[in-house]
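Below is the structure:
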């Protein structure tokens, strides 16, 4: 109404980040595709965050090559612009996950180390996948160090519950936020650790969102406990 296209584009980016936090994988991929295909997309401040959101969604669906391409595109933009206190931590976590999924272990380790340097508890919604990624790696204590004595919100409570082994409680907290992907991921990790109380809801979410690698892990856990 006011003729401010920049404000509209900022709102578009915010909506994609919101879909990402909610775990709407299809919505993220479709909306990010529209945003990133527009002229001048690489010049926008929010583009690395949007690339990270789409990379996370693609990774969840097993589209590793596409996720890695987005991570590398965003990393080039971030390197060219210089680090950003609000953006770098969350982006680098996503890039590290993509590199690891693609089999680039050394690069993933370097990116994760860099992410931990830039991860700010004050931007905990932007690094929401960090705690569970660290759990997968057996490095949960690093999240405890990062957040020790730092005031936080429900995201941080959930993350600290996850890295201390209370994955079912973490899933419940993520569910209260409405963050369905990490809720299901925490439920799956809990099942892989012996508590299958949240495995069925996790499987239902992963099937709904076509998150094939996670569906396969759920089925493997079910077979193991049958």
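In our numbering, the protein residues as written are 2 to 227. Built from N, CA and C at the ideal position, the CB exists for glycine as well.
Its Cα nearest to that of residue 214, the residue 102 stands out among 30, 102, 170 and 70. The DSSP-derived three-state label of residue 73 is helix.
In the structure shown, the three-state DSSP call for residue 196 is coil. Contact check for residue 178 and residue 155: beta-carbon distance about 5 Å, within the 8 Å limit, so the pair qualifies.
Taking C-alpha positions only, residue 203 is separated from residue 15 by approximately 26 Å.
For residue 175, the enclosing alpha helix (DSSP H) covers residues 168-178. Each of 133, 121 and 93 was checked against the Cα of residue 112, and the nearest Cα belongs to 93. Take residue 168, set aside five residues on each side of it, and the residues of its chain with a beta-carbon closer than 8 Å to its own are 136, 162, 187, 188, 190, 191, 194 and 196, in chain order.
Cα atoms of residue 68 and residue 20: separation of roughly 17 Å, rounded to the nearest angstrom. If you check the CB distance, residue 91 and residue 51 do not come in under 8 Å. The DSSP-derived three-state label of residue 151 is coil.
Straight across, the Cα-Cα distance linking residue 223 with residue 185 is about 15 Å. In the same chain as residue 49, and ignoring 5 residues on each side of it, the C-beta atoms closer than 7 Å to its own belong to 75, 78, 79, 88 and 92, in chain order. Secondary structure at residue 50: helix, using DSSP grouped into helix, strand and coil. For residue 107, the enclosing alpha helix (DSSP H) stretches over residues 106-119. Residue state for residue 25 is assigned as coil, using DSSP reduced to three classes.
The C-beta of residue 216 has 16 or more other C-beta atoms within 10 Å across all chains shown, which makes the residue buried.
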